[in-house]
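The block underneath contains the structure these notes are about, expressed in structure tokens.
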Ligand code: ACO
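The structure is reproduced here in structure tokens:
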């Protein structure tokens, strides 16, 4: 017999269905509660609300498990390429050799962006944050491909949009960096793989080739895989809710980029390095900053610590920490910020405040340090996250569209004034 839940309201008992997932997680289905009782449920920040059923990513925050389509993140990060993982997330299965070749070839065919878009970059000030530029450019892509705006798109048209997005995001990202430097744009080189091509567009110059270091390529590939999906987080929920109005995929992804930008989400990786630098300039007294983070009257928080769902450890942080040590050793990086990061991690992990609240270093604590070692400029860190998260956003948008999910439209409990009469301006106090 299927499970049910009972709720008693105003002495009346209501039976609600229970939905069970493939990993035995349970949810009470309250979708009809308002119709039968007049009540809604309230859950600010959706801390305990399942917004959808999804077959893409499973995570268990207590046990520190993360799997894409059933495959453990540890195995994917160790063995797969980012393109394989993108294919897996979007199409549901790992590609065979032919499928992977066709996918990679199609991505390479679309890496160029329309020459007219180059002029948009020129209008941005040099100090423009690359996340702002990236979200605008992605949104602009919809105007260059008007067929993407048709809500009755067939799967071939959707596939084309998906491939265009994956292909063009690194080009737009690298150009937003080149523009901030007022350096000439470097065009994509389709002889290179996805990560190599991005690094080449970032760091080569017309006057000088860029020597692509395999250590850096490997680290980047791993970082992108670790960020590729994370079920219903803030930016992914944004993509799904924007897409639920049948807005086109470019616009939905652009909204996701904006949501990711915030310091409590993807923007944390930039804030981690800025925080470490601040502590370093201040004399490197880690204890002082840990005390500040614990002080409720001080707005300072330890960036890169804490997570909405991981309450024991972040499995991505575990993988990345190891990779971080390897990369720094292989590249011979000796960074004083790293020493501060290590001290901070130790002090915070032993401190009662952090232990009681289950605050552990998250993926962004280490990713910023690696990106810095790879010579990625700090303002580009969240852009790197966006490149990694793109396949996840696409997969979630595609799943929502294919499942014909209804438009996202939460309710509220109103706490404002009751009805009152309009008063003419001359009579107002
Ligand atoms: N430093 C100090 N105290 C913290 C921190 C922190 N980084 N994070 C949470 N706390 C404290 C809160 O003050 C609160 O304390 P209280 O119970 O005494 O009031 C308690 O821990 C719970 O914190 P919430 O903010 O309620 O937890 P929530 O799940 O809403 O927030 C979040 C999670 C936003 C990630 C939070 O931990 C944070 O702000 N961390 C720093 C930013 C960061 O690293 N973000 C990246 C997240 S990972 C990602 O997006 C890939």
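Numbering (the working numbering), first residue to last: 734 to 1162. Backbone N, C-alpha and C fix where the C-beta goes; we use that ideal spot for every residue, glycine too. In this text the structure is predicted, and so the values were computed from the model without any measurement.
Whose CA, out of the options, lies closest to the CA of residue i?
i	options	result
residue 836	964, 849, 847 and 815	815
residue 1132	822, 1063 and 1030	822
residue 761	786, 771, 743 and 778	786
residue 825	803, 1122 and 937	803
residue 755	740, 792 and 766	792
residue 840	820, 1134, 829 and 847	820
residue 891	945, 982 and 930	982
residue 1122	998, 1012, 1004 and 919	998
residue 1108	1066, 740, 806 and 838	1066
residue 811	951, 1142, 990 and 967	951
residue 885	1141, 1137 and 1161	1137
residue 807	1069, 1134, 1054 and 1127	1054
residue 1130	1006, 1143 and 895	895
residue 1046	1088, 1014 and 879	1088
residue 968	948, 990 and 984	990
residue 878	864, 906 and 847	847
residue 1057	1016, 1106, 1042 and 1013	1106
residue 960	946, 947 and 993	993
residue 988	1104, 1127 and 1145	1127
residue 750	737, 741 and 743	737
residue 1145	771, 741, 758 and 940	771
residue 1147	748, 773 and 735	773
residue 757	765, 735, 764 and 777	735
residue 946	739, 962 and 926	926
residue 843	858, 874 and 1125	874
residue 1120	1044, 932 and 1028	932
residue 742	759, 752, 766 and 917	766
residue 1001	1085, 1151, 1112 and 1081	1112
residue 1141	777, 944, 918 and 973	973
residue 876	889, 850, 888 and 860	850
residue 698	1062, 1117 and 1050	Lying outside 734 to 1162, the shown extent of the chain, residue 698 is not represented and no answer is given.
residue 935	1139, 753 and 1114	1114
residue 883	790, 984 and 776	984
residue 986	881, 888, 748 and 1007	881
residue 862	908, 830, 827 and 893	908
Provide the residue span of the alpha helix (DSSP H) that contains residue i, from first to last.
i	result
residue 947	947-959
residue 815	815-824
residue 974	967-976
residue 738	No alpha helix (DSSP H) contains residue 738, which is instead part of the beta strand (DSSP E) from 737-742.
residue 1002	1001-1014
residue 1020	1019-1027
residue 784	Note, residue 784: premise wrong, no alpha helix (DSSP H); not H, not E.
residue 834	830-842
residue 778	Counting along the chain, residue 778 falls outside any alpha helix (DSSP H), and DSSP gives it neither H nor E.
residue 1122	1114-1135
residue 767	766-770
residue 806	806-812
residue 929	927-936
residue 983	982-994
Could you pull the start and end residues of the beta strand (DSSP E) that residue i belongs to?
i	result
residue 1038	Looking at the DSSP string, residue 1038 is not in any beta strand (DSSP E), and its letter there is neither H nor E.
residue 793	790-793
residue 801	798-801
residue 748	745-753
residue 761	759-761
Answer yes or no: does any C-beta atom of chain D fall closer than 9 Å to that of residue i?
i	result
residue 1012	Looking for chain D here will not work: only one protein chain is present.
(Q) With three or more beta-carbon pairs closer than 8 Å as the criterion, would you say the stretch 899-906 touches the stretch 868-883? (A) yes
**Q.** At least three beta-carbon pairs within less than 8 Å, the stretch 1019-1027 to the stretch 1063-1079
**A.** yes
**Q.** Segment contact, 8 Å Cβ cut-off, at least three pairs: the stretch 1030-1048 with the stretch 1093-1106
**A.** yes
Q. How about the stretch 1151-1158 and the stretch 839-859: do they share at least three Cβ pairs that are nearer than 8 Å?
A. no
Q: Only counting runs of 3 or more residues, tell me where the beta strand (DSSP E) segments fall wholly within the stretch 850-904, in order along the chain.
A: none
Q. Just checking, does the stretch 791-802 make contact with the stretch 968-986 on the three C-beta pairs under 8 Å criterion?
A. no
Q | Length at least 4, wholly inside the stretch 1041-1102: the alpha helix (DSSP H) runs in chain order | A | 1048-1064, 1069-1083 and 1085-1089
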